[in-house]
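Residue numbers for the sequence shown follow the working numbering, so the first one is 11 and each next one is one higher.
Even glycine gets a Cβ: it sits at the ideal position worked out from N, Cα and C.
As the structure is a computational prediction, the values presented were derived from the model and not from experiment.
Data block below; observations after.
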Amino acid sequence: MSTKSSASAGRTRARGAQRPRSGSATRAREGKPIPYALPPVGIQAVRQMDVLVAAVATCATGRSAVRTRDIAQATDLERRDIHPTLRFMTGAGLLDSSPAGWTPTVSGVRVAQPWTADRAAARAALAEVWRDSWAYNLLIRSIRPGVALSAEDLADAMRPFKTARLTPWMQLVDWLELAQYVERGDDESLRLAKALHGDPMAPDEAGDAPGKEQKEQDEARATPGAPPPGLVPPLTMDQLLALSADDFGAVTRSLATIYEVLSRQRT
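Right under this line is the structure:
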């Protein structure tokens, strides 16, 4: 998220107006790939917030950017944890990166300034500025309102690629709780915050959760002998041999047309 888009996120919107989407959020809505920058697994979200606070404090002294060594001195964190935290916060729209280092965005300043004195205010600011982030967009499309999940199940529901490591996505759940997007119950289960139930991107409580079709396709691929999912039903060799000359010609012409259409979409 750019500084310009972060600033727009902080302005009061008219009641009923649709909030603007950042580039990553728009790509997620359109089904396009998103470069997910996940938080590091070594430290909790509240500790990672110290990195943002240190960046804001350093730049408030007149520095144009902050370097990793500045963060290490201010927070006593290891550099191996600082750099992935900076990368995550840059992808989350809280920092901007440049050859000179990292600079807080308007959103980052809004979140960091009250953190030490009033964490409730800082969490509310994070909840507001993150509404344009890929993390919010992915969360709101991944779980139904009212459904209780463990942190592991929530992380798994949000993970777009099931071959990816689950641990970084569980760290993201820590951030979602910090942003008050999910609420923890007495039984330690997590639910989508009630304030988000009315989001137009959220699925209906009685409807199928997003990703169900993809999971069914994954299960079909994992089932021996199951036909692969796709637009065109697969044909066995026996079925091809049983076709008449006219039918075989029709099938090959149809496949050629489909290939031509798909080729144009890739260009």
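Margin query: Spatial neighbours of G101 within its chain, please: C-beta separation below 6 Å, excluding the five flanking residues on both sides.
Written below: A47
Next item on the list: Measure the C-alpha to C-alpha separation of S152 and A167 and round it to an integer number of angstroms.
Entry: 6 Å
Margin query: Let me confirm a value: D257 is counted as buried when at least 16 other C-beta atoms fall within 10 Å, else exposed. Which label applies?
Written below: exposed
Notebook entry, point to check: If you compare alpha carbons, which of A55, A203, A260 is closest to W125?
Noted result: A55
Margin query: I'd like to know whether the C-beta atoms of A174 and Q190 end up nearer to each other than 8 Å.
Written below: no
Checklist line | Endpoints, the beta strand (DSSP E) within which D128 is located | finding: No beta strand (DSSP E) holds D128; DSSP gives it neither H nor E.
Check: Can you give the beta carbon distance from I53 to A64, rounded, assuming they're within the 8 Å contact cut?
Finding: Their Cβ separation, rounded to whole angstroms, is 14 Å, which puts I53 and A64 out of contact at 8 Å.
Next item on the list: Closer than 7 Å by C-beta to M59: which residues in its own chain qualify, once you throw out the five before and the five after it? Chain order, please.
Entry: W125
Checklist line | L87 in three-state terms, based on DSSP | finding: coil
Item checked: Assumed close pair V139, G103 - CB separation to whole angstroms, cut-off 8 Å -> 7 Å
Next item on the list: Determine the contact status of M99 and L62, defining contact as a CB-CB distance below 8 Å.
Entry: yes
Notebook entry, point to check: From E193 to R133, what does the alpha carbon distance come to, in whole angstroms?
Noted result: 13 Å
Next item on the list: Say whether chain B places a C-beta atom closer than 8 Å to the C-beta of V51.
Entry: Absent here is chain B; the protein component of the structure consists of one chain.
Next item on the list: Classify T113 as helix, strand or coil using the three-state DSSP reduction.
Entry: strand
Note to self: Run through the DSSP bridge pairs and tell me what S108 is partnered with.
What the structure shows: G111
Item checked: Cβ-based neighbour list, T85, same chain, cut-off 7 Å, excluding 5 preceding and 5 following -> D60, V61, A64
Notebook entry, point to check: With DSSP run on the structure shown, which of helix, strand or coil describes L202?
Noted result: strand
Margin query: Pop quiz: L159 and L200 are said to be a contact at Cβ under 8 Å. What is the actual Cβ separation, rounded to whole angstroms?
Written below: 6 Å
Item checked: Inter-residue Cα distance where the pair is S254 and R263 -> 14 Å
Next item on the list: Following the continuous beta strand (DSSP E) through V157, name the residue where it begins and the one where it ends.
Entry: No beta strand (DSSP E) contains V157, which DSSP labels as neither H nor E.
Margin query: So, with DSSP's three-state summary, where would you put V76?
Written below: strand
Next item on the list: Closer than 8 Å by C-beta to L105: which residues in its own chain qualify, once you throw out the five before and the five after it? Chain order, please.
Entry: L62, A65, L96, M99, W112, T113, P114, T115, G118
Check: Could you give the distance in angstroms between the alpha-carbon of S108 and the alpha-carbon of P155?
Finding: 39 Å
Item checked: Own chain, CB closer than 6 Å to R57, minus 5 neighbours either side, in chain order -> none
Item checked: Coarse secondary structure for R57, derived from DSSP in three states -> helix
Notebook entry, point to check: DSSP three-state call for R194: helix, strand or coil?
Noted result: strand
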